[in-house]
Every structure is written in C-alpha cells, then in structure tokens.
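As you go down the protein sequences, you meet chains A and B in turn. Under our numbering, read the first sequence as residues 4 to 254, first letter to last. Under our numbering, read the second sequence as residues 429 to 696, first letter to last. Ideal Cβ placement from N, Cα and C applies to all residues, glycine included. Just so we're clear, the structure is a prediction, and the values are computed from it rather than from any experiment. Report on the structure given below.
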Amino acid sequence: MPKSINLHPFTVLALTAAVVTMTTAAGLWWLSCAVITVCVLVAGWTGHLRRLAVLSAAILIPTFASLLLIHGLVSQQASGLIAVAGPFRVTEGGLEAATVLGLRTAVLVVAGLLCTLLISKHQLVAAIDLSPAPPQVGYLLAATLFLLPHMADKQRTIGQAQALRQAGTGRGLSGWFQRVRLRAVPLVLASLQDAHDRSSHLSARGFPAAGSHTRLRTVADSVTQQRVRWISLLCAVVGPTAILAPFWGSA
Amino acid sequence: MSPNLLLPEETSSQVLRRRILATAGTLLLIGTYLVLVITQPTGIAEGLGQGVALVTFAAYLAAAVMLLVAVLPDLPVSTLTLIPVALALNIILGQFVGSVMVPLYLDSIGTVLVGFLAGRRAGAATGVLSTLIWSLFAPTVLPFAAGAALVGFLAGTAARFGALRRPYLAPVAGVVAGVLVGVVSAPVAAFVFGGTSGVGTGAVVAAFRSMGDSLLSAVTKQALISDPGDKAIVFLIAALLIYALPKRLSGSFDFIRRYRVLGQRGTK
Numbered sequence: 004m005p006k007s008i009n010l011h012p013f014t015v016l017a018l019t020a021a022v023v024t025m026t027t028a029a030g031l032w033w034l035s036c037a038v039i040t041v042c043v044l045v046a047g048w049t050g051h052l053r054r055l056a057v058l059s060a061a062i063l064i065p066t067f068a069s070l071l072l073i074h075g076l077v078s079q080q081a082s083g084l085i086a087v088a089g090p091f092r093v094t095e096g097g098l099e100a101a102t103v104l105g106l107r108t109a110v111l112v113v114a115g116l117l118c119t120l121l122i123s124k125h126q127l128v129a130a131i132d133l134s135p136a137p138p139q140v141g142y143l144l145a146a147t148l149f150l151l152p153h154m155a156d157k158q159r160t161i162g163q164a165q166a167l168r169q170a171g172t173g174r175g176l177s178g179w180f181q182r183v184r185l186r187a188v189p190l191v192l193a194s195l196q197d198a199h200d201r202s203s204h205l206s207a208r209g210f211p212a213a214g215s216h217t218r219l220r221t222v223a224d225s226v227t228q229q230r231v232r233w234i235s236l237l238c239a240v241v242g243p244t245a246i247l248a249p250f251w252g253s254a
Numbered sequence: 429m430s431p432n433l434l435l436p437e438e439t440s441s442q443v444l445r446r447r448i449l450a451t452a453g454t455l456l457l458i459g460t461y462l463v464l465v466i467t468q469p470t471g472i473a474e475g476l477g478q479g480v481a482l483v484t485f486a487a488y489l490a491a492a493v494m495l496l497v498a499v500l501p502d503l504p505v506s507t508l509t510l511i512p513v514a515l516a517l518n519i520i521l522g523q524f525v526g527s528v529m530v531p532l533y534l535d536s537i538g539t540v541l542v543g544f545l546a547g548r549r550a551g552a553a554t555g556v557l558s559t560l561i562w563s564l565f566a567p568t569v570l571p572f573a574a575g576a577a578l579v580g581f582l583a584g585t586a587a588r589f590g591a592l593r594r595p596y597l598a599p600v601a602g603v604v605a606g607v608l609v610g611v612v613s614a615p616v617a618a619f620v621f622g623g624t625s626g627v628g629t630g631a632v633v634a635a636f637r638s639m640g641d642s643l644l645s646a647v648t649k650q651a652l653i654s655d656p657g658d659k660a661i662v663f664l665i666a667a668l669l670i671y672a673l674p675k676r677l678s679g680s681f682d683f684i685r686r687y688r689v690l691g692q693r694g695t696k
C-alpha cells in the first residue's frame, strides 16, 4: 500500500523544479546518478517503486537507444576514435555525449514521474482552486483527470457492443480502420453531446465563479512549506545561473 | 450560447493585459526559435549546452503558459466543457492507436477537433493544456507545449479559412500545419533532449547525421518527414468526425456559425 506524503502539491512541484534545473545545469554524470538514486529510494520508501520503474523504463529505454544511435554510432567528433565501419563512427566523445544527454533526460523523467506519483490529484486540484490561478484551470485539470477513466470505460463498452454485433471483425489495415471508426465515432459523438449538455448547466450556474469560495477539502500547508517553496523557486532560477556563469564568462 | 448574465463584464485593462501576454508569449517563442536557428549552439552535452537546454525548455514552456493565460479567460463555457473531452480523446485515441502497432500518433486529434469547432484560440489553449496534463505521465513532453499550441492554432485558422468546406482540403491543411509544427518543435528536440525519444525517429536522425548534417538540421529533416503525414491524417479524421456530428450540435458553436466553417454542409 503506497504511503501518502502530507506535503502541499506545490511544495513537491517546486522542489522537483529546483532539483531538475540545478542537476541539468551542473551536467555531471555522478550528480545525475545520485539524484536518480535518491528518487528511487524515495519511491521505494513511499511504495511507488514498481510504478516508477515501469513508467520510467517505458520512456527512457527508447530515449537512450535513440541517443546512442544519434550520438554514439554516428559521432562527428574528430578525436577519441573507437571504431569505424561505413557510415558508422563510434568515438569516446560521442558515447559520452549520449550518456550525458540520456542522464539529463533521465533526471527529468524520474523526478517528474516521482512528483506525479507523490501528489494526490484531488489535492492538486484543490491547491489550484485555492491559488490565484484562473478558476478555469482547476476545472479543466479536474475534469480531464476524472473524465479519463470514464471515457476509457466508455470506449471499452463501445468495443464490446460492436464485438457483440460482430461489427469491425475484418483483418488487415482496412479492418483496423473499421475498428477505429466503429469505436471512435460513437465515443466522440457521445462525449461531445455530454460536453454540450454540461455547458448549459454550468453556464446557468455562473461558471466560472470569481472570488473566494468555500471548499470542503483542505490542503495541508505551513509557513515552513511556503518558505521551502520560495527557496526552491529561487534555486530553480538562480542556481543554474550561478552554475553556468563561469561558462558565460569564458564564452 | 447567450452571454452569461451572472458574471461581470471584463474591463479594458484585463483585455489589454491578455493582449500583452499573448504578444509577449508569441514574441518569446519566435525570438527563442530565431536565436537557436541563427546561432546553432554546439556542444549541447557540456558547459553552455546545459544552459541552452534550460533556456530553450524554459522559454518554450513560458511562451505556451503565457498564451494559455491570455486565452483561457476569453473562452466561453461551451468551449471550456469541450476541452477536457478533447484532452481525454488525445490520450485515449493516442493510446489505442499506439497499442495496435500502427506507425501513427493521432495524439492531437482532440486538439484539432477543438480548433475546428471553437477556433484557433481555443485550439491553442487545448494544445497547451493537453501537454501540461500529459506531462504528469510523460514529463519529456513539457517543452513541446508551444508546438501543441501551434497545432490547435493552425487547426482553427484552417477551419476559419475554409479547410472543412471540402473534405480534401483538410489533409492539405494538415500537411502545411505538420511542416510548421515540425520546424518549430525541432529546436526543442535537438537542444533540450539532444535528438528524438523514439528508436525509429532516432535512426532517421542518425542517417541524416551520417551524411554530415548538424543536429538541428537532421532533427528538422526528420520532423519534416514524420509530422506532415501524421497531421494530414489527424486533420482528415477530425474533419470526418465533425461531418458526422448532428447539425444542432456543430451549429451550437459560435465559431462554426460565424465563419461558415462547414460551408454548404452546415446549412443543409
């Protein structure tokens, strides 16, 4: 059973932004590995390790393979030649570039996904509603996150209904197109009709309501967390500038 | 739909602020793109390359968010309720197509639908929101928010100028949109991620690199191969879905009526 973390969603987001920007600016392989390790440990402690591993692998395996193809196999660097065969040219610099770029992406993916896994979507919607963001943002986020499983169910039901009436059983590309059409058209038409019906009800109730309004769900926050958020945001902006300043000077 | 009588009218300062935000977002996007294309920074994996990645990421994301903030308060409720459906369609249809091993994405179909039904501002907002919400499951899409906004914007523009009045015009508009989106998104792929995130697209970029192209040039050529075809199919499917809508539903959108988006088809 995954543990829940009693932090304000914006605190988790701000910390993630600071970690990702500063690690990217530093561009050190050992720092990237250390950040990924810490993320894995946090995921293990909170019970999200398996999901984090599956989701990260789905993104990072093709990314690493692609970077190895682009930088590792057809390097344009002159020095550090390892092997040459036809159009392929493997150099130490090329492999190093592929690794550094892969680790840069890995930090973004692993830290970003951990952030998503740690934040409760209900808390995130509540936090956005309580923030100065336009009220439409909270509605759109909540509606999309809660509509997704509903529409996925609807799509499965449509697929089952079409299978029962033995429609869309053809093979090959034409059969695939027929299946897509038989699922997509009813799904889209029904969803647009639902959205149209909802809009009249929302409009009649004065949506989007401006100003403060009562929410039953509270979002845990404290002065310490607010300070952590501000410091994290400051680090996300000032940190990379400070790290990269010597390079700007030399350039 | 009639204007809401319960909400206060917006002031001229609010309208001005939104216009400034939209202009600033567009200028930031164009400025970043031009600087990257003109300077073509090298050494993206070391030293200043990290700075280029961060600046590109931040500028493209900030431009997209500015455009979203400028557009969002202006959208009518009928469009606001349509956007979540479009976002869910992007994800569900994208996953379904991905699960059957067909080399298409179709993950912008909802964005294009909103652009066709509610106009370019709504399309652009849907593109940005779609990327922001999808980034909760795949953080690497975050800097592509501006490209997604452009897809929605171009879909709305195409619909406004008659791309839905004839079925064969929609895929033509899709090809043009694909070229523009590919060109705008290429610097993000090149300078933030050092290439592409798929093995197939990576192989194409590697092939161009082996012919001596720079990274930006190779990624741009790969995008010009992949994106126009995908967008042509997405635009065609979205157009066919809109033709299948009941007239009372498609006619309920002010954009469709005002610009006679469906031409004779909408009046039959």
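Below-8 Å beta-carbon distance, residue i vs any chain B residue
i	result
ALA46 (chain A)	no
ILE39 (chain A)	no
ARG107 (chain A)	yes
ARG201 (chain A)	yes
VAL112 (chain A)	yes
THR24 (chain A)	yes
VAL15 (chain A)	no
GLN196 (chain A)	yes
Residue i and residue j closer than 8 Å at C-beta
i	j	result
ALA614 (chain B)	VAL633 (chain B)	no
ALA491 (chain B)	GLY453 (chain B)	yes
LEU545 (chain B)	SER642 (chain B)	no
HIS74 (chain A)	GLY97 (chain A)	yes
GLY209 (chain A)	ARG186 (chain A)	no
THR559 (chain B)	ILE511 (chain B)	no
LEU27 (chain A)	VAL38 (chain A)	Strictly speaking, residue 27 (chain A) in this sequence is Thr, with Leu absent from that position. No.
Residue i, DSSP secondary structure in three states
i	result
VAL77 (chain A)	strand
THR261 (chain A)	Because chain A here runs from 4 to 254, residue 261 (chain A) falls outside it and cannot be looked at.
VAL609 (chain B)	helix
LEU219 (chain A)	coil
ALA20 (chain A)	helix
VAL87 (chain A)	strand
GLY622 (chain B)	coil
SER134 (chain A)	coil
GLY30 (chain A)	coil
HIS11 (chain A)	coil
PRO243 (chain A)	helix
SER123 (chain A)	coil
TYR488 (chain B)	helix
THR172 (chain A)	coil
TYR687 (chain B)	coil
THR568 (chain B)	helix
Residue i to residue j span [Cα, whole Å]
i	j	result
SER680 (chain B)	PRO135 (chain A)	32 Å
SER440 (chain B)	LEU500 (chain B)	16 Å
SER203 (chain A)	SER506 (chain B)	8 Å
ASP535 (chain B)	ILE519 (chain B)	6 Å
MET429 (chain B)	ASP682 (chain B)	Residue placement at MET429 (chain B) is poorly supported in this model, since its pLDDT is 47, which falls under 50; the coordinates still yield a value, given next. Those two C-alpha atoms are separated by around 8 Å.
ALA223 (chain A)	LEU10 (chain A)	6 Å
GLY459 (chain B)	VAL611 (chain B)	14 Å
ARG400 (chain B)	LEU457 (chain B)	The structure shown does not extend to residue 400 (chain B), since chain B is modelled only from 429 to 696, so the question has no answer here.
ALA170 (chain A)	LEU449 (chain B)	50 Å
LEU116 (chain A)	GLN181 (chain A)	35 Å
LEU557 (chain B)	VAL607 (chain B)	22 Å
GLN126 (chain A)	ALA618 (chain B)	35 Å
TRP562 (chain B)	LEU570 (chain B)	8 Å
CYS238 (chain A)	PRO152 (chain A)	37 Å
ASP132 (chain A)	PRO138 (chain A)	6 Å
VAL93 (chain A)	LEU84 (chain A)	6 Å
Any C-beta of chain A under 8 Å from that of residue i
i	result
GLN442 (chain B)	no
ALA587 (chain B)	no
MET429 (chain B)	Bear in mind that the predicted position of MET429 (chain B) carries a pLDDT of just 47, short of 50, making it unreliable; the figure below should be weighed with that in mind. It does; some Cβ of chain A falls within 8 Å.
SER638 (chain B)	yes
PRO567 (chain B)	yes
Taking 8 Å as the cut-off, does the segment 65–83 of chain A touch the segment 14–22 of chain A (at least 3 CB pairs, one atom from each stretch)?
no
Does the contact criterion of 3 or more C-beta pairs under 8 Å hold for the segment 455–471 of chain B versus the segment 104–117 of chain A?
no
Stretch-stretch touch, CB-based, cutoff 8 Å, three pairs: the segment 592–609 of chain B with the segment 655–664 of chain B:
By the Cβ rule, the segment 592–609 of chain B counts as touching the segment 655–664 of chain B, because three or more pairs are nearer than 8 Å.
Would you call the segment 481–497 of chain B and the segment 572–581 of chain B touching, i.e. three or more CB-CB distances under 8 Å?
yes
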